[in-house]
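Residues in the sequence shown are numbered consecutively from 1057, following this note's numbering.
Beta carbons: idealized from backbone N, C-alpha and C, even for Gly.
Predicted, not measured: the structure shown is a model, and the values here were computed from it.
Right, one structure below, let's go through it.
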Amino acid sequence: MEMTNQEIIISCLFLAVFLVVFIYAAFFWKSSKLEGSSMEEFAVGSRTFSYFIVLCTLIGCFLTAGMYTGWFSWGMYEGLISQYLLVYGIASFFVMYIFSTRIWVWGKNFNLLTQPDFIQLRFRSKPLTLISAISGIIIEAPWCIIEMAALGWAVTAVTGGLIPKEIGIIFFTALIIAYTTYGGIKAVAGVEVLKGILVIVIVIGGSIAAIYKLVGGFGPMFHALMSAAPQNMTFNTGGTYSYSYWNSIIITGTLGCFGWISMFARIYTARSVAEVKKAASGGAILLVIVCALLLLLATATYLVPGALDLPDPNMSFFYVFEKAFGPFFLGISGILVIITAIGLIGLIVNAHAIVISENIIRELKPDMKDENRRKVTRWCIVGYSLIVMAVAMMDLPNLAHIAITFYEGIVQIIPLILFGIFWKRANKWSVGIGYVAGLVIAISIAAFPAAFPWAGGWTGGIYGFVVNILINIVLGFVIKQDTYVDELFEIIESYEEDSQGNAISQVNHNYVAHDHIG
């Protein structure tokens, strides 16, 4: 995109103002500061977050920086198929509403900090916990890479190409390391709240205004697209994709979202079950509005002169905002993408570093004190961030398709979680064998689709998921139920909250969590 010197100066001024606001939110806002020295405070904010803070962190799972780069360009070229994200996002919040009670209650009772902590508590299998920790990090890591790359594109767009993508990535990686090591999940949450406010204002207002400014409104947009690109008005892009593929990515997206390691960190931060449920309900409503408008704008971008000829289609979001409103909105759109990326990267990096520290390194040094645990976690944040940064600076293909492919693997952990919290007969053998088998099938079909012509358009994640479920059911009935499980479920069944979200019942139990998750 060509920008005059004056436009670059205006856009860069917006970036400078944003950095000041960001630094305040991440380092000086009262809610972003750690109030204690415990690992629980660093990892889950001592479980004190209100529903709005939890909502902002949950929305970040769907409204990623990749939405404004890879997904936006996908919507521009291929239309309504990109709206799958809207469908699976709503379904994911519904699943979250159902799952969250049991996850939060066990987390509160046994001071769980990570998803692997939950797995160890429920199944008492250190090998299973270790496998899930390592594979979960590998499967979710591409999202960090996607967001890092989007950061670079945003900086390049805002500065009119003055600052290369690589320099932008390096600068913001340093900033991410600084604020996550400083304040842990609380600093991350402060950034997520700032992001949530900007998303509500900029995406909703900006998308509607841009559609009216560039194509005359929603009615004229649909009429023009039906004439210029009728295939983009279908969910399979006129036959480019099968409806089986459409259904597959919705199902794997819905279930896979809850398989993220960082998703458990979001739930554990809430101060009560009621806060999580309010966040899930509000998140679904907000996502419908924001996601629908943003992806409709992406579809309309097909009609904007010059958009299809951009040398880098990942810049189309910035192009359309600059075309509609000039450098003023280009600067704002760039800031939106930057804070979106920073928020999600910070959340994932923080969650993964804690898993590496608590569930991998601590297994080798179980006598680590709280102070050393935090120190190790901070070093894990630094190392993890630098690795992700290096990969993000490489030449990457379409980021949306990378993410969809990795969801095929993420979804395989869902039976483990689903059966673990709802079925007493689930055991370490049923979930472990099911998880590994599902993962192998999903990866095989995704890597070698030509070798599986019978798949019929359904993705490997779906086939792996079905096999995974069947193995869980069969081995769940064949293998005797573990005796300790009844007490875990008694805690869930006996838990109650008053209208303010305060616990009004407490189970007296002798189950010592440290012996099973430490």
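Would you report the Cα separation of A1335 and I1473, rounded to the nearest angstrom?
21 Å
Determine whether the beta carbon atoms of I1016 and T1157 lie at a separation below 9 Å.
Residue 1016 is absent from the model: the chain starts at 1057 and stops at 1574.
Where are the alpha helix (DSSP H) runs, 4 residues long or more, that stay fully inside the stretch 1356-1434, in chain order?
1372-1381 and 1383-1411
Taking the beta carbon of Q1062 as the centre, do at least 16 other beta carbons fall within 10 Å, making it buried, or is it exposed?
exposed
Using the Cβ count rule (16 or more neighbours within 10 Å means buried), how would you classify N1528?
buried
Quick one: grab the DSSP three-state call for F1118.
coil
Quick one: what does DSSP say F1291 is sitting in, helix, strand or coil?
In this structure, F1291 counts as coil in the three-state DSSP scheme.
Answer with buried or exposed for H1533, where buried requires no fewer than 16 other C-beta atoms within 10 angstroms of its C-beta.
For clarity, residue 1533 is Phe in the given sequence; the question names His instead. So F1533 counts as exposed.
Can you tell me whether N1326 is helix, strand or coil according to DSSP?
Correcting the residue identity first, residue 1326 is Ala in this sequence and not Asn. Three-state result, A1326: strand.
Please confirm whether G1240 and E1427 have their CB atoms less than 9 Å apart.
no
Taking the C-alpha atoms as reference points, what is the distance between G1273 and A1206?
Our two residues, G1273 and A1206, have alpha carbons roughly 28 Å apart in a direct line.
Expressed to the nearest angstrom, what Euclidean distance is found between the alpha-carbon atoms of G1387 and W1209?
13 Å
What residues are listed by DSSP as bridge partners for F1105?
A1326
What are the boundary residues of the alpha helix (DSSP H) that includes Q1062?
N1061 to I1079
Reducing DSSP to helix, strand and coil, say where E1553 ends up.
DSSP places E1553 in the strand class (E or B) of the three-state scheme.
Identify, in the order they occur along the chain, each residue of the same chain with its Cβ nearer than 6 Å to the Cβ of G1520, setting aside the five sequence neighbours on each side.
Q1468, G1494, I1497 and A1498
Starting from Q1171, trace the alpha helix (DSSP H) in both directions and tell me its first and last residue.
Counting along the chain, the alpha helix (DSSP H) containing Q1171 begins and ends at Q1171 to F1179.
Drop a sphere of 10 angstroms on the beta-carbon of K1421, count the other beta-carbons inside from all chains shown, and report buried for 16 or more, exposed for fewer.
exposed
Taking the alpha helix (DSSP H) that F1228 falls in, what are its first and last residues?
K1221 to L1254
Determine the contact status of E1414 and T1396, defining contact as a CB-CB distance below 9 Å.
no
If you draw a straight line from the alpha carbon of Y1297 to that of K1269, how long is it in whole angstroms?
32 Å
For the stretch 1110-1124 and the stretch 1396-1407, state whether three or more C-beta atom pairs, one from each stretch, are separated by less than 8 Å.
yes
In terms of residue numbering, what span does the alpha helix (DSSP H) encompassing R1158 cover?
Y1140 to F1166
Let me confirm a value: G1339 is counted as buried when at least 16 other C-beta atoms fall within 10 Å, else exposed. Which label applies?
With 16 or more other Cβ atoms within 10 Å, it is buried.
Taking 8 Å as the threshold, find out whether the stretch 1369-1382 comes into contact with the stretch 1352-1360 through three or more Cβ pairs.
yes
Just mark D1554 as buried or exposed, buried being the case when its beta carbon has 16 or more other beta carbons within 10 Å.
exposed
Once DSSP output is grouped into helix, strand and coil, what is the label at L1270?
Three-state result, L1270: helix.
For a quick check, are the C-beta atoms of S1106 and E1248 less than 9 Å apart?
The answer is no: Cβ separation not under 9 Å.
Less than 9 Å between the beta carbons of K1251 and I1398, yes or no?
yes
If you run the structure through DSSP and keep just helix, strand and coil, what is H1570?
The predicted position of H1570 is uncertain, since its pLDDT is 43 and thus under 50; a value taken from the coordinates is nonetheless stated next. Looking at H1570 - three-state DSSP - the assignment turns out to be helix.
What is the DSSP secondary structure of L1349, counted as helix, strand or coil?
helix
My output table needs one value for M1319: the three-state DSSP class, helix, strand or coil.
helix
To the nearest angstrom, how far is it from the Cα of I1525 to the Cα of V1487?
9 Å
Less than 9 Å between the C-beta atoms of Y1551 and V1161, yes or no?
yes
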